[in-house]
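Asker:
Numbering (the working numbering), first residue to last: 33 to 325.
(1) Rounded to a whole number of angstroms, what is the C-alpha to C-alpha distance between residue 152 and residue 296?
(2) Can you name the residues that DSSP bridges to residue 147?
(3) To the nearest angstrom, report how far apart residue 92 and residue 174 are at their CA atoms.
(4) Just verifying my parser: in three-state terms, what is the DSSP assignment at residue 203?
(5) To the nearest whole angstrom, what separates the beta carbons of residue 210 and residue 250, a pair I think is in contact under 8 Å?
(6) Here's the rule: buried if 16 or more other CB atoms are within 10 angstroms of the residue's CB, otherwise exposed. What is residue 50?
(7) Candidates 179, 158 and 154: which alpha carbon is nearest residue 190's?
(8) Using the beta-carbon count (16 or more within 10 Å), is residue 228 buried or exposed?
(9) For the beta strand (DSSP E) containing residue 127, name the first residue and the last one.
(10) Taking residue 302 and residue 317 to be in contact with their CB atoms under 8 Å, please state how far apart those CB atoms are, rounded to whole angstroms.
(11) How long is the line joining the alpha carbons of residue 256 and residue 264, rounded to whole angstroms?
(12) Any idea if residue 66 is buried or exposed, counting beta-carbon neighbours within 10 angstroms, 16 or more meaning buried?
(13) Among 195, 163, 204 and 197, which has the Cα closest to the Cα of residue 183?
(14) Do residue 38 and residue 159 have their beta-carbon atoms positioned less than 7 Å apart in this structure?
(15) I need the straight-line Cα distance from residue 218 to residue 274, nearest angstrom please.
(16) Considering only their Cβ atoms, is the gap separating residue 290 from residue 279 smaller than 7 Å?
(17) Would residue 70 and residue 314 qualify as a contact pair, given that the criterion is a beta-carbon distance under 7 Å?
(18) In angstroms with no decimal places, state the Cα-to-Cα distance between residue 111 and residue 292.
(19) Which one or two residues does DSSP pair with residue 79 in a beta bridge?
(20) Ordered along the chain, which non-local residues of its own chain (more than five positions away) have a Cβ less than 6 Å from that of residue 283?
(21) Please state whether DSSP places residue 105 in a helix, a strand or coil.
(22) Just the C-alpha distance for residue 46 and residue 68, rounded to the nearest angstrom, thanks.
(23) Using the three-state DSSP reduction, which class does residue 264 fall into: helix, strand or coil?
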């Protein structure tokens, strides 16, 4: 399998694949509709728009969006969109103008949701002009507290997901402030513990600072032996805030292309920030589609 190293390559790889259907929960958002229009125009996916049908139809007219969409009116768009996926009418789920908590509540419903295991996680993907391949960052949007089991599941979810990009043995860094284990810096203790627990399962190191993760020269300068320095695939951040700030900072100030998807459910869930532009939303759509083939 060819290794995918850019968003352009990812989108191109989807062009000759079967078209999937995405249920968009609470579609009353101009930027979302433009992203859906672009994805449908490129032949990547079709969409079912769920929400206030009057508002959705009005937005489609007002913004001259020409794509033909199926629109389903619902006062409970999260539950309705999840049901479309459960019933086989849609293949993926996408968050619209609705809170993440409302969507995830419907997803995690034990009787009517899309729960597969006990834990979902968010994987952000970054394409930087300063790095030679895509970077995968987790968990920046779902889990608010981390124990051993949470970190291990987040890592396994990310490893499972990155295989869709042709990477069978990813290099994983447990990010922390410094590389030395220091009881006064709890994330270094946790990173060391998790890396040791998983060392026979995958290529993982931690604690490792960000500069070393992305630069072999930084590792040499610090006299740090490392198998992953300057070539990391997956960065596991010490907490959700750190991951979220890293991704948004690189996207907003660093000139990087970013996108994100929730993994660990029965189907990929395209979860977006309301401030994301149409291009970021399109990239996130592609990240969901690649995991549903």
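Cβ coordinates follow ideal geometry from the N, Cα and C atoms, glycine included.
Answerer: Here's the rundown:
(1) 5 Å
(2) 297
(3) 31 Å
(4) strand
(5) Going by Cβ atoms, the distance from residue 210 to residue 250 rounds to 12 Å, so no, they are not a contact pair.
(6) exposed
(7) 154
(8) exposed
(9) 124 to 127
(10) 6 Å
(11) 15 Å
(12) buried
(13) 204
(14) yes
(15) 14 Å
(16) yes
(17) yes
(18) 22 Å
(19) 54
(20) 290
(21) strand
(22) 15 Å
(23) coil
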